[in-house]
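*Asks:* Numbering (my numbering), first residue to last: 205 to 714.
Even for Gly, the Cβ is constructed at its ideal location relative to N, Cα and C.
It should be emphasised that the depicted structure is a prediction, and the values quoted were computed from it without experimental measurement.
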Amino acid sequence: MNKIIISFVIVAGLLAGCNDDNHKHVDAEHGHLHGDEVHTDVEPEPLAYTLYTDKMELFVEFKPLIVGKTSKFAAHFTRLGENFKAVTEGSVTVRLIGNERPLTDKAEKPSSPGIFRLALNPEKPGTYQLVFDIRTKEFSDKIMIENITVYPDAKTALLHQQEQTINEEIVYLKEQAWKIDFANREVKRQPFTEIIKTTGQILPARGDEITITAKSSGIITFGNNKKLIGSAVNVGETLFVISGAGLTEGNLDTKYKEAKNNYEKSKIDFERATELAKDNIISQKHFQETQLQYKNAQTTFNTIETNYTAGGHKIKSPIQGYIKNVVISEGEHVGIGQLIAIVFQNRKLILKAEVPQKHFSKLNSISSANFITAYDSKIYRTDSLNGKLVSYGKSADNNAYYIPINFEIDNNGEIIPGSFVEVLLKTNVIRDALVIPYSALIEEQGNYFAYVQTSGEGFQKRELKTGVNDGMNVQVLAGIKEGERVVTKGAYQIKLATMSGKMPAHGHEH
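#1: Compare the Cα-Cα distances from ASN347 to each of LYS259, PHE396, GLU327 and report the closest residue.
#2: According to DSSP, simplified to helix, strand and coil, what is ILE546?
#3: For ILE301 and LEU324, what's the separation of their Cα atoms in angstroms?
#4: If you scan the region 337-378 from start to end, which runs of the beta strand (DSSP E) of 3 or more residues do you find wholly inside it?
#5: Where does GLN405 fall in DSSP's three states?
#6: For ALA477, which of LEU496, ILE634, ILE400 has the nearest alpha-carbon?
#7: Name the residue from LEU480, VAL439, SER565 whose alpha carbon lies nearest to the alpha carbon of TYR526.
#8: Just curious, the beta strand (DSSP E) that ASP258 is in, first and last residue?
#9: Three or more C-beta pairs under 8 Å: does that hold for the region 326-339 against the region 352-363?
#10: On the three-pair Cβ rule with 8 Å, is the region 623-638 touching the region 558-572?
#11: Can you tell me which of the three DSSP states GLN649 falls into?
#12: May I have the straight-line CA-CA distance separating GLN366 from ARG635, to the nearest angstrom?
#13: Tell me where the beta strand (DSSP E) around ASN388 begins and ends.
#14: Give the straight-line distance between the Cα atoms of THR692 and ASP580, rounded to the nearest whole angstrom.
#15: Whose C-beta lies closer than 6 Å to the C-beta of SER470 among residues of the same chain, with five residues either side of it excluded?
#16: Strictly by DSSP, which residues pair up with ALA323?
#17: Helix, strand or coil for GLU493? Go by DSSP, reduced to three states.
#18: Around the Cβ of PHE343, are there at least 16 other Cβ atoms within 10 angstroms (buried) or fewer (exposed)?
#19: Are the region 283-303 and the region 378-391 touching, with three or more C-beta to C-beta distances below 8 Å?
#20: Can you name the start and end residues of the beta strand (DSSP E) that PRO608 belongs to?
#21: Taking all protein chains shown into account, do 16 or more other C-beta atoms lie within 10 angstroms of the C-beta of ILE424, making it buried, or fewer, making it exposed?
#22: Going by DSSP in three states, LEU284 sits in which element: helix, strand or coil?
#23: By how many angstroms is the C-alpha of VAL264 removed from the C-alpha of HIS712?
#24: Taking the straight line between their C-alpha atoms, what separation do you get for ILE698 and VAL375?
#25: Whole angstroms is fine: what's the gap from GLU688's alpha carbon to GLY662's?
#26: For PRO314, collect the residues of the same chain with a Cβ closer than 6 Å to its Cβ; drop the 5 residues on either side in sequence, then sort them by chain order.
#27: Between which two residues does the beta strand (DSSP E) holding ILE583 run?
#28: Between PRO395, ASP587, LYS518, which has its C-alpha nearest GLU441's C-alpha?
#29: Going by DSSP in three states, TYR419 sits in which element: helix, strand or coil?
#30: Spatial neighbours of LEU584 within its chain, please: CB distance less than 6 Å, with the 5 preceding and 5 following residues excluded, ordered by chain position.
#31: Counting pairs of beta carbons, one from the region 408-419 and one from the region 542-558, are three or more of them closer than 8 Å?
#32: Nearest CA to the CA of PHE505: which residue from LYS482, ASP483, ASN466?
#33: Give the straight-line distance between the Cα atoms of PRO306 and ILE338, rounded to the nearest whole angstrom.
#34: Would you kindly report the start and end of the unbroken beta strand (DSSP E) that includes ILE301?
#35: On the premise that GLY683 lies in contact with LEU668, defined as a C-beta separation below 8 Å, what is that separation, rounded to the nearest angstrom?
#36: Along the chain, where does the beta strand (DSSP E) containing SER572 start, and where does it finish?
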């Protein structure tokens, strides 16, 4: 049996007493109770219960149970989830369970979306359990109300009707809530992390970005695919070609031919010296000098030949990734060592946050962060991106007001390198905090409010005193108690309904 949270409301009713020689007097709208006399036109006011399980919310209204009288039930069933919605199919059975055989009624389907009509006519007074069983194609659930009293007559029911003071409530019907994106959540105490709010930037991770430079001088042309910024590239793919054709100085074609000729000549000289050294015709010193010249010429030629074609020197991508930037134009002359382009793998990123110096003492307690992008306002968590703290500044420059802190994160394909973000750094853990979702807050002139569901269709607007937040949740210091249910979706619709001046009254007929 799932844990059930019960909110009990007596919708209306008033019991007042005055002590005059033990004479009791109750005035009602349609009758009077004098001592032991009760007029039959006075009826007990209906009861309402709101109960929760992990799957369901049940809001049920019915008149107090009296022997020999039929009590009709309006049972509102709501399926919990990201949005609370009416149960539109299935059956509901209600059972009154006590010492005798159970009294049962069943509704095979809802009379209207979310509402099941049931009725019970008790036979004997006493204390019972009221059990609701709901069965649909997708799920089944059981909800139980303990200590339900069956009264022997209406007079006894009226005498035991409790007086309850209900604070000012806003009525928002189930039929209204089911038509919008609506949800509430029980407020619980839990560990919560203090945050430092600052700004930062998304940067490529070290080793994830490669700079491509010219290995020779000449005129640069783009490869056959003419890759643009953002294009994917493979390892060894030709991106650019540098040609020295038409240049009188630093001509790569001339260098290639010279290197080839030197290599071929030194190879012939080395092979001849090898034969002569066998017969001791040349000295060992001369042979070693010839061998050294050959190896140097071979190295020079191989270096030039590796990326050389008839059209010039090929510039290839050293990694598989994407072109981040191209800093030259096609047809431009480049020199040896000049920057041509940047290629990055886009697998790892660095979240670099700038922390004000006043928070320096808290830096060693930071382990994770949330950040919000400007282009989609989405909240990302370093924990969910396999993030880790890689470094933070141990000191600050004289001219720097901020201290850097860096997280390495995975790139899930949604984060743009180079973008600026809002950062929420998580620091000290508050062990026992009341926390509600940030979506529950309504701001009015700098003050924060939330709507608390106090009964099935009753709400109160509460002014809150808030503490720290982590971008998704906020700590509540005052205004809400543990165990209450705060509206997390649909608060603005409730607010608009109150402004319309057309709020329904409690005890309405569905």
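*Replies:* According to the structure shown:
#1: To locate residue 347, count along the sequence shown from 1; it is residue 143. Sequence check: residue 347 is Ile here, not Asn. Among LYS259, PHE396, GLU327, the Cα nearest to that of ILE347 belongs to LYS259.
#2: The sequence position of residue 546 within the sequence shown is 342, counting from 1. If DSSP states are grouped into helix, strand and coil, ILE546 belongs with the strands.
#3: In the sequence shown, counting from the first residue as 1, residue 301 sits at position 97. In the sequence shown, counting from the first residue as 1, residue 324 sits at position 120. About 12 Å.
#4: 344-355
#5: Within the sequence shown, numbered from 1, the residue matching residue 405 stands at position 201. Here GLN405 sits in strand by DSSP.
#6: The sequence position of residue 477 within the sequence shown is 273, counting from 1. The residue with the shortest Cα to Cα distance from ALA477 is LEU496.
#7: In the sequence shown, the residue the question calls residue 526 occupies position 322. Closest by alpha carbon: VAL439.
#8: The residue given as residue 258 occupies position 54 in the sequence shown. First-last for ASP258: undefined, no H or E at that position.
#9: yes
#10: yes
#11: One-based indexing of the sequence shown puts residue 649 at position 445. The answer is coil: DSSP assigns GLN649 none of H, G, I, E or B.
#12: Here residue 366 corresponds to residue number 162 of the sequence shown, with the count starting at 1. Here residue 635 corresponds to residue number 431 of the sequence shown, with the count starting at 1. Whole-angstrom Cα-Cα distance: 39 Å.
#13: For the purposes of this step, residue 388 is identified with residue 184 of the sequence shown, where counting begins at 1. Residues 387-390.
#14: Your numbering for residue 692 matches position 488 in the sequence shown. Your numbering for residue 580 matches position 376 in the sequence shown. Cα to Cα, THR692 sits roughly 21 Å from ASP580.
#15: What you label residue 470 is simply residue 266 of the sequence shown in a count that begins at 1. For SER470, where only same-chain residues beyond five positions count, the Cβ hits under 6 Å are GLN497, TYR498, ALA501.
#16: For the purposes of this step, residue 323 is taken as the residue at position 119 of the sequence shown. Answer is LYS276.
#17: Residue mapping note: residue 493 aligns to position 289 of the sequence shown, counting from 1. Three-state DSSP puts GLU493 in a helix.
#18: Counted from its first residue, the sequence shown places residue 343 at position 139. By the neighbour-count rule (16 or more Cβ atoms within 10 Å), PHE343 is not buried but exposed.
#19: yes
#20: Taking the sequence shown and counting its residues from 1, one reaches residue 608 at position 404. That run of the beta strand (DSSP E) goes 606-614.
#21: For this step, residue 424 is matched to residue 220 along the sequence shown. It counts as buried.
#22: Here residue 284 is taken as the residue at index 80 of the sequence shown, counted from 1. The answer is coil: DSSP assigns LEU284 none of H, G, I, E or B.
#23: Counting from one through the sequence shown, the residue named residue 712 turns up at place 508. Counting from one through the sequence shown, the residue named residue 264 turns up at place 60. The predicted position of HIS712 is uncertain, since its pLDDT is 46 and thus under 50; no value can be drawn from it.
#24: By one-based count along the sequence shown, residue 698 stands at place 494. By one-based count along the sequence shown, residue 375 stands at place 171. Distance between the alpha carbons of ILE698 and VAL375 is about 9 Å.
#25: Working through the sequence shown from its first residue, we reach residue 688 at position 484. Working through the sequence shown from its first residue, we reach residue 662 at position 458. Going by the C-alpha atoms only, they are around 13 Å apart.
#26: On the sequence shown, position 110 is the one that residue 314 refers to. PHE320, listed in sequence order.
#27: In the sequence shown, counting from the first residue as 1, residue 583 sits at position 379. Counting along the chain, the beta strand (DSSP E) containing ILE583 begins and ends at 583-585.
#28: As a first step, residue 441 must be located in the sequence shown, where it is residue number 237. Measuring from the Cα of GLU441, the nearest candidate turns out to be LYS518.
#29: Translated into positions along the sequence shown, residue 419 becomes position 215. It should be noted that the sequence gives Lys, not Tyr, for residue 419. LYS419 falls in the coil class under three-state DSSP.
#30: Your numbering for residue 584 matches position 380 in the sequence shown. A small correction: the amino acid at residue 584 is Tyr; Leu does not occupy that position in the sequence shown. Result list for TYR584: PHE575, in chain order.
#31: yes
#32: In the sequence shown, the residue the question calls residue 505 occupies position 301. That would be ASN466, whose Cα lies nearest to the Cα of PHE505.
#33: Locating residue 306 in the sequence shown gives position 102, counting from the first residue. Locating residue 338 in the sequence shown gives position 134, counting from the first residue. Their backbone Cα atoms lie some 17 Å apart in a straight line.
#34: For the purposes of this step, residue 301 is taken as the residue at position 97 of the sequence shown. It spans 295-301 - the beta strand (DSSP E) in which ILE301 sits, taken as one unbroken run.
#35: Here residue 668 corresponds to residue number 464 of the sequence shown, with the count starting at 1. Here residue 683 corresponds to residue number 479 of the sequence shown, with the count starting at 1. Going by Cβ atoms, the distance from LEU668 to GLY683 rounds to 4 Å, so yes, they are a contact pair.
#36: The residue given as residue 572 occupies position 368 in the sequence shown. Its beta strand (DSSP E) spans residues 572-577.
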